[in-house]
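All remarks here apply to the structure that follows.
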Amino acid sequence: MGKKIAILISNSIGFLRRQPRNWKVTVTRSSLRTFVYKIIFPYQSIYAMGLGATATQLGIINTIGMGTAGLFGPFIGWIIDRIGVKKVYLIGISLLVVSYLIYGVAQSWIILIAAMIAFWLGDTTSGHTCSTVCANSLSSRDRATGMSFCETLAAGLLGIVGPIVGASIVASSGGVNVKGIRPLFFISTIITLGTFFLILTQLSNQNWKNSSERKSSFFKDIGQVFKQGKNLKRWIVIASVGMLPMGMVFPFIQVFAHEIKGADQYILGAIVAGSALTPLVLGIPLGRLADKIGRKKVIYLASPLFWISNLMLIWAPNSGFLIASGILQGFFMVSITVAGAMTVELVPPEHMGRWIGILRFFRLLLAACAAYMAGAI
């Protein structure tokens with residue numbers, strides 16, 4: 180047993196040593212971003228409703244935010260492929276700072292529309308550049324493992340710590356209400372500012388543009404992606420349907436658990452922490468398994484467990500079942516991460532920014548429609 184652990188540690192150290200600096204920097208930033216998001220996620224929708232939003236208006240807020248980010252997706256990818264990742268990365272993080280600050284000072288749900296637009300634009304832009312760096316920095320043999328490592332550290336370890344920190348702050352600030360939740364957004368603003376300076380000082384402005392490609396118009400550049408990619412139209416449909424829960428389910432989980440199931444700040448935090456436990460424990464093993472037996476088989480294994488989590492949330496008779504549903508929700512991130520490894524293998528590196536932008540365009544617009552329908556329901 181000790182020998183196996185020693186081999187595992189040795190392989191992990193070897194994996195980290197052969198990865199480039201940019202990948203390590205963006206993993207660090209991604210981890211801090213997830214820590215911040217997990218602090219506020221259990222309370223974001225509850226905060227909006229505390230400021231006067233109805234369920235339908237909550238759906239509208241998310242629809243406008245996702246839809247705006249989706250429309251800008253291809254343009255962001257085009258810019259990344261032309262000028263490199265660093266400047267675009269910094270713009271995305273700046274928008275997140277603006278979003279959290281608006282949330283912190285908001286006195287009405289209407290202003291949250293601006294905050295949500297800034298959030299989705301910022302999160303999409305910074306996530307877009309992060310995905311481009313990650314995809315182009317990892318070799319094929321390390322890709323699923325590397326992405327799973329990122330999710331294990333970010334969505335796993337810090338994803339567990341974040342909800343605990345958030346619950347403690349809410350409890351000491353007045354409970355699950357506007358007054359108790361508001362300080363979370365100011366803390367998130369400060370941490371996100373720290374990630375801005377991390378990228379500013381540590382990330383190089385690498386550009387994977389093919390020097391033989393001639394500069395052309397936006398639409399010609401987008402068309403070039405489809406000419407050289409493999410099965411892209413089919414994958415757009417699959418990936419877009421796979422992201423529907425981001426608009427239809429996740430904005431309403433915490434509201435449902437709090438208002439219908441009576442979950443307090445500790446249970447809300449535990450649900451989110453539980454969802455982070457799954458990638459922490461299984462992220463890297465399933466990533467290695469995906470590299471060995473194929474990505475699709477692991478997705479087929481993980482996806483049904485997420486479906487079960489939704490049924491468990493609906494029928495949960497007590498808080499224990501709510502937390503268990505959160506643990507199973509973590510398989511959504513596992514399947515998305517493995518699918519992401521497939522996504523980046525369909526185009527050459529110099530088209531990666533545009534391809535991810537095209538994919539985000541369709542995924543976010545469909546998720547935006549789902550968010551509106553879910554709010555209406």
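Each residue of the sequence shown is one higher than the one before, starting from 180 at the first, in the working numbering. The C-beta atom is built at its ideal place from N, Cα and C for all residues, glycine as well.
Given residue i as reference, the closest of the options once Cα atoms are compared
i: Gly-448; options: Pro-458, Gly-338, Leu-525, Ile-535; result: Gly-338
i: Glu-529; options: Trp-257, Ile-472, Ile-290, Tyr-279; result: Trp-257
i: Val-276; options: Thr-368, Asn-410, Ile-292; result: Thr-368
i: Arg-200; options: Val-523, Phe-431, Thr-380, Arg-474; result: Thr-380
i: Gly-373; options: Leu-211, Ala-520, Gly-249; result: Leu-211
i: Ile-272; options: Phe-251, Trp-299, Gln-286, Ile-262; result: Trp-299
i: Phe-541; options: Gly-252, Val-434, Val-349; result: Gly-252
i: Cys-548; options: Thr-233, Thr-207, Phe-214, Thr-242; result: Thr-242
i: Asn-410; options: Gly-244, Lys-475, Trp-494, Val-526; result: Val-526
i: Asn-497; options: Gly-441, Leu-250, Thr-207, Ala-293; result: Gly-441
i: Gln-286; options: Thr-308, Gly-249, Gly-231, Ile-255; result: Gly-231
i: Leu-291; options: Ser-305, His-307, Ile-240; result: Ile-240
i: Arg-413; options: Ile-446, Gly-466, Ile-537, Gly-249; result: Ile-537
i: Val-562; options: Asn-489, Gly-499, Ser-454, Ile-556; result: Residue 562 lies beyond the residue range present for the chain, which begins at 180 and ends at 556; the question has no answer from this structure.
i: Phe-254; options: Gly-341, Asn-356, Val-523, Phe-398; result: Phe-398
i: Val-349; options: Val-206, Tyr-279, Tyr-445; result: Tyr-445
i: Val-357; options: Gly-229, Thr-213, Thr-247, Pro-458; result: Gly-229
i: Leu-456; options: Ala-546, Leu-336, Lys-217; result: Leu-336
i: Gln-407; options: Glu-524, Ile-463, Thr-213, Ile-502; result: Glu-524
i: Ile-400; options: Val-340, Ala-248, Met-531; result: The residue you asked about is not Ile; residue 400 is Asp in the sequence shown. When only C-alpha atoms are compared, the closest one is Met-531.
i: Ser-316; options: Leu-461, Ile-366, Thr-205; result: Thr-205
i: Phe-429; options: Pro-221, Gly-345, Ile-378; result: Pro-221
i: Gly-345; options: Ala-452, Val-460, Ser-310; result: Ala-452
For residue j and residue i, the rounded distance between their alpha carbons
i: Val-312; j: Ser-383; result: 10 angstroms
i: Asp-260; j: Arg-533; result: 7 angstroms
i: Gly-283; j: Ile-450; result: 24 angstroms
i: Ala-553; j: Ser-504; result: 20 angstroms
i: Leu-507; j: Thr-303; result: 25 angstroms
i: Leu-544; j: Trp-288; result: 22 angstroms
i: Phe-363; j: Ile-219; result: One detail in the question is off: residue 363 reads as Leu in this sequence, not Phe. Straight-line Cα distance between these residues: approximately 6 angstroms.
i: Trp-486; j: Ser-396; result: 42 angstroms
i: Ser-347; j: Val-477; result: 36 angstroms
i: Phe-405; j: Ile-535; result: 12 angstroms
i: Val-215; j: Ala-495; result: 28 angstroms
i: Phe-375; j: Ile-262; result: 18 angstroms
i: Ser-351; j: Thr-371; result: 23 angstroms
i: Met-521; j: Gly-509; result: 19 angstroms
i: Thr-235; j: Lys-475; result: 36 angstroms
i: Met-427; j: Arg-539; result: 16 angstroms
i: Ile-281; j: Ala-293; result: 8 angstroms
i: Leu-480; j: Leu-492; result: 20 angstroms
i: Lys-203; j: Pro-424; result: 29 angstroms
i: Ile-515; j: Thr-308; result: 17 angstroms
i: Gln-403; j: Asp-443; result: 51 angstroms
i: Gly-354; j: His-437; result: 12 angstroms
i: Phe-511; j: Lys-266; result: 31 angstroms
i: Ile-556; j: Ile-439; result: 15 angstroms
i: Ile-270; j: Tyr-279; result: 15 angstroms
i: Ser-305; j: Arg-197; result: 24 angstroms
i: Leu-237; j: Tyr-551; result: 8 angstroms
i: Asn-489; j: Met-422; result: 15 angstroms
i: Gly-246; j: Ala-297; result: 12 angstroms
i: Ser-209; j: Gly-301; result: 13 angstroms
i: Arg-361; j: Pro-458; result: 29 angstroms
i: Phe-500; j: Leu-484; result: 14 angstroms
i: Ile-343; j: Lys-217; result: 9 angstroms
i: Gly-359; j: Leu-274; result: 24 angstroms
Residue i beta carbon near the ligand PLP (any heavy atom closer than 7 angstroms)
i: Gly-505; result: For the ligand PLP, the structure offers nothing, since it holds no ligand at all.
Alpha helix (DSSP H) segment containing residue i, residue limits
i: Trp-494; result: 474-494
i: Arg-533; result: 531-555
i: Arg-261; result: 234-262
i: Trp-414; result: 411-421
i: Glu-438; result: 429-438
i: Ser-287; result: Ser-287 -> no alpha helix (DSSP H), and no H or E assigned at all.
i: Gln-407; result: 397-407
i: Gln-508; result: 498-522
i: Val-344; result: 338-352
i: Arg-361; result: 357-381
i: Asn-384; result: That residue, Asn-384, is in no alpha helix (DSSP H); it is neither H nor E in DSSP.
i: Gln-223; result: 200-229
8 angstroms Cβ cutoff, residue i in contact with chain B
i: Tyr-268; result: Absent from the structure: chain B. Only one protein chain is present.
>> Does the contact criterion of 3 or more C-beta pairs under 8 angstroms hold for the stretch 464-475 versus the stretch 402-422?
In response: Using a C-beta cut-off of 8 angstroms, the stretch 464-475 makes no contact with the stretch 402-422, since fewer than three inter-stretch Cβ pairs fall below that distance.
>> Contact between the stretch 223-230 and the stretch 427-447 is defined here as three or more beta-carbon pairs at a separation below 8 angstroms; is this criterion met?
In response: Yes: at least three Cβ pairs fall under 8 angstroms.
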